[in-house]
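Encoded as structure tokens, the structure appears first; notes follow it.
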Amino acid sequence: MPGSELFGAEERKEIEDVLGTGILFRYNHEGQRNNIWKARDFEAEVKKLTGARYAHAVSSGSTAVSAALAAAGVGAGDEVIVPPFTFIASVEAVLFSGGIPVFAEIDETLCLSAEGIEKAITPRTKAVLLVHMCGQMANMDEIIPVIRKHNLTLVEDAGQAFGSSYKGTSVGLFGKTGCYSFDFFKIATAGEGGVFVTNDESCYKLADTYSDHGHNHVGNVRGMEQHPVLGFNFRIGELHAGIGAAQTRKVPHIREVNRKYKQLLMKQLSGLPGVTFTSIPDPAGDSATFLNILLPDTATAKQTVENFNKTGVGGFNYWFTNMYHFINQWEHLKDLKAAAPLAIHLLGKPQDYNNLNLPKSQDVVGRLISFGIRCTWKESEVVELAGKIKNAIEQALSVKAYA
Ligand SMILES: *Cc1c(COP(=O)(O)O)cnc(C)c1O
């Protein structure tokens, strides 16, 4: 999965370019920077890979979600439909924008379902924050008609789906705005970084301005630039941006290897009684960062995880008990424990967060085990891993049969 496996001469060259001029800042300093513009290069690479008309690099995937919400006009008091299975940054971004998260059901795509979205709509719903999980993609042919029918704003958090597409369009480009994360664990990393994307020029200008204290980036005297709106500092530095550019160039290779090993693992595990895989709406567009296995029920998944731990099998995620990816462990959110009051404290919870009724999401995430695909594996290691996975699952199923 992670691009961090492939650090090499390319990333080192980017760093040396930047240190050669000492201009770590992405704007201005034309006289000293020797025409080195790494944030612009990073944005150009992301546009090339995704086909986005506009891209703006920022400090993290989290700030990219915030910029995406702001640039789409989502803010104070707006209800935003979110999934209960996501990296918590998505929900935090809604809360810190002044928005009100409304949780809806996911399905076996691991993403919000059209049905889940439709059931969560109220007269106050402004937007849907669609999160493309585990390197896969949501079912856009089903979701888009619901968005249109109810006149909602679609914002996409493709934090962990950079390099994924649905029927030829990159995820992140179906909505008004979208974003990717380049943190240390993603398919391409900048160390820390994120990229906002859109095909809408006015959204791009807003994101660009919002992410830098309102600067409109016209002219070359920074202190004299116009500030059409208030903003904040979500800027990326040139060192991180250079790494992000080098890593983005490696994504086609990483994705190809990921797909090969994911296929191999699926082939080795297919036919195993009780084992299925998540639903991938467009298998040809899968970035294949994870092999996502579904067991028959939560008890079998938990027993399988126990067997993995006993036999020293690593490299997997059991999201159901993960503190940051699933709502069951988000007591701080359910009780609205914040450093200081947020809009939701004034406006109230739209749902009883402590008694949400999301049986489908509980079922799917309870049964899910995800293995991170490594692009530096050897084929023999993949076959060996498949054997170990098989043993652990077979044992879990037999424990269940005799219980
Ligand atoms: C990683 C991730 C983020 C946040 O990205 P950071 O770069 O770690 O801030 C947001 N949303 C999703 C779905 C993610 O996986």
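Taking our numbering, the leading residue of the sequence shown gets 666, the next gets one more, and so forth. Just so you know, even glycine gets a beta-carbon here, dropped at the ideal spot from N, CA and C. In this text, all values refer to a predicted model and were calculated from it rather than measured experimentally.
Look at the beta carbons and you see the segment 875-895 not touching the segment 848-858: under three pairs across the two are nearer than 8 Å.
Judged by DSSP in its simplified three-state form, CYS844 adopts strand. Residue burial annotation: HIS990 is buried, with at least 16 other C-beta atoms found within 10 angstroms of its C-beta. Fully enclosed beta strand (DSSP E) runs of no fewer than 3 residues occupy 744-747, 765-768, 790-796 of the segment 727-806, in order along the chain. Look at GLU821 here: in three-state DSSP terms it is strand. For SER1035, the enclosing beta strand (DSSP E) has its first and last residue at 1033-1037.
In the three-state reduction of the DSSP assignment, SER1026 falls in the helix class. Of ALA910, GLU903, ALA872, the smallest CA-CA separation from PRO893 is found for ALA872. The C-beta distance from ARG924 to ALA953 rounds to 4 Å, short enough to fall under 8 Å. In terms of Cβ geometry, PHE899 and VAL723 form a close pair [threshold 8 Å]. Closest option to PRO1024, judged by alpha-carbon separation, among SER727, ARG691, PRO748, GLY668: PRO748.
Counting only heavy atoms of ligand 1, the residues whose C-beta sits closer than 6 Å to one of them are, along the chain, SER725, GLY726, SER727, VAL730, THR751, PHE752, ALA754, SER755, VAL796, ASP822, GLY824, GLN825, SER846, ASP848, GLY859. Excluding five sequence positions before and after SER1026, the CB atoms of its chain that fall closer than 7 Å to its own CB belong to PRO749, PHE750, GLU770, ILE771, given in chain order. The Cβ atoms of VAL767 and ALA785 lie closer than 8 Å to each other. Only buried fits THR943, as 16 or more other CB atoms lie within 10 angstroms of its CB. The alpha-carbon of THR818 is positioned some 11 Å away from that of ALA736. Contact between VAL862 and GLY902 does not hold, since their C-beta atoms are separated by about 20 Å, which reaches or exceeds 8 Å. When DSSP states are grouped into helix, strand and coil, SER835 belongs to the strand group. Between THR963 and GLY1031, the C-beta spacing is below 8 Å.
Fewer than three beta-carbon pairs drawn from the segment 822-842 and the segment 686-705 are found closer than 8 Å, and the two stretches are therefore not classed as touching. Annotation: the continuous beta strand (DSSP E) that includes LEU956 extends over 955-959.
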